[in-house]
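Asks: When you number the sequence shown by our numbering, it's gap-free, plus one each residue, and the end is 204. Backbone N, C-alpha and C fix where the C-beta goes; we use that ideal spot for every residue, glycine too. Encoded as structure tokens, here's the structure I'll be asking about.
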Amino acid sequence: MNPLKSDEYPAIYSDYIENVVGPVMEELHQQVETFPEFIRNIPEDLGNYTYAEGKWTVKEVLCHILDTERVMAYRALRFARNDMTELAPFEQDEFVQHGRHNERSLDSIEEEFIHLRKANLVLFNTFNEIELERKGMASGRLITVKAFLYVIAGHLAHHRIILKERYLNNENVENLV
Numbered sequence: 028m029n030p031l032k033s034d035e036y037p038a039i040y041s042d043y044i045e046n047v048v049g050p051v052m053e054e055l056h057q058q059v060e061t062f063p064e065f066i067r068n069i070p071e072d073l074g075n076y077t078y079a080e081g082k083w084t085v086k087e088v089l090c091h092i093l094d095t096e097r098v099m100a101y102r103a104l105r106f107a108r109n110d111m112t113e114l115a116p117f118e119q120d121e122f123v124q125h126g127r128h129n130e131r132s133l134d135s136i137e138e139e140f141i142h143l144r145k146a147n148l149v150l151f152n153t154f155n156e157i158e159l160e161r162k163g164m165a166s167g168r169l170i171t172v173k174a175f176l177y178v179i180a181g182h183l184a185h186h187r188i189i190l191k192e193r194y195l196n197n198e199n200v201e202n203l204v
């Protein structure tokens, strides 16, 4: 895969993309191993914990990662298949508000992540260089298929850091990977 260039994505995604330090496909594959382990190390009783009033719970953050991966993979598929229809934004707060995430177990979230990421990896591995370079408009911004792979990997890394620093940074959570 050719390296990602700055003209392949809007600046709004820069923070996520900068979280990807190596080859993006390697990062996506590593995350399917390391992120489930991360989730397994979160005590179930912290699943509904939030560090401040009005912030999402641990489960809501985890499910936001899943929802975002699903949306970004869908966008990548549309553009890879040369569908140039402009895609509307998605309202992440609405997704969280109506997702009933706090009713779920951490085990079910872990399982969903594994299945979702493995399915997406199969899809992403079918994209050739021409498809990866295709661009489309999503949320009013021009972006390539390849950039979506970086956004998916970097978005997860971004929220994993937030979870560790703001939610799980106490003595109750040991061995957090």
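#1: So the beta strand (DSSP E) K162 belongs to, where does it begin and stop?
#2: Excluding the 5 residues preceding and the 5 following G74 in the sequence, name in chain order all residues of the same chain whose CB lies nearer than 6 Å to its CB.
#3: Is the beta carbon of I136 sitting closer than 8 Å to the one on L89?
#4: Going by Cα to Cα distance, which pick from D120, D72 and E71 is closest to K82?
#5: Given a threshold of 16 other Cβ atoms within 10 Å of its Cβ, counted over all protein chains shown, does H91 qualify as buried or as exposed?
#6: Who are T171's beta bridge partners in DSSP?
#7: Whole angstroms is fine: what's the gap from E35's alpha carbon to T95's?
#8: If you check the beta carbons only, do G181 and V47 fall under 8 Å apart?
#9: Within the region 43 to 77, note down every full alpha helix (DSSP H) run reaching 4 residues or more, in order along the chain.
#10: Span of the alpha helix (DSSP H) holding L133?
#11: Using CA atoms only, rank isn't needed, just tell me which of L159, E192 and V59 is closest to R237.
#12: Once the 5 residues before and after I141 are set aside, which same chain residues still bring their CB inside 8 Å of it?
#13: In this structure, does DSSP put L31 in helix, strand or coil?
#14: If you run the structure through DSSP and keep just helix, strand and coil, what is L114?
#15: Among the candidates L31, Q57, K191 and V123, whose CA atom is the shortest distance from the CA of L93?
Replies: In brief:
#1: K162 to A165
#2: V85, K86 and L133
#3: yes
#4: D120
#5: buried
#6: K162
#7: 19 Å
#8: yes
#9: 51 to 67
#10: L133 to F151
#11: Outside the displayed range of the chain (28 to 204) lies residue 237, so it cannot be described from this structure.
#12: V59 and P63
#13: coil
#14: strand
#15: V123
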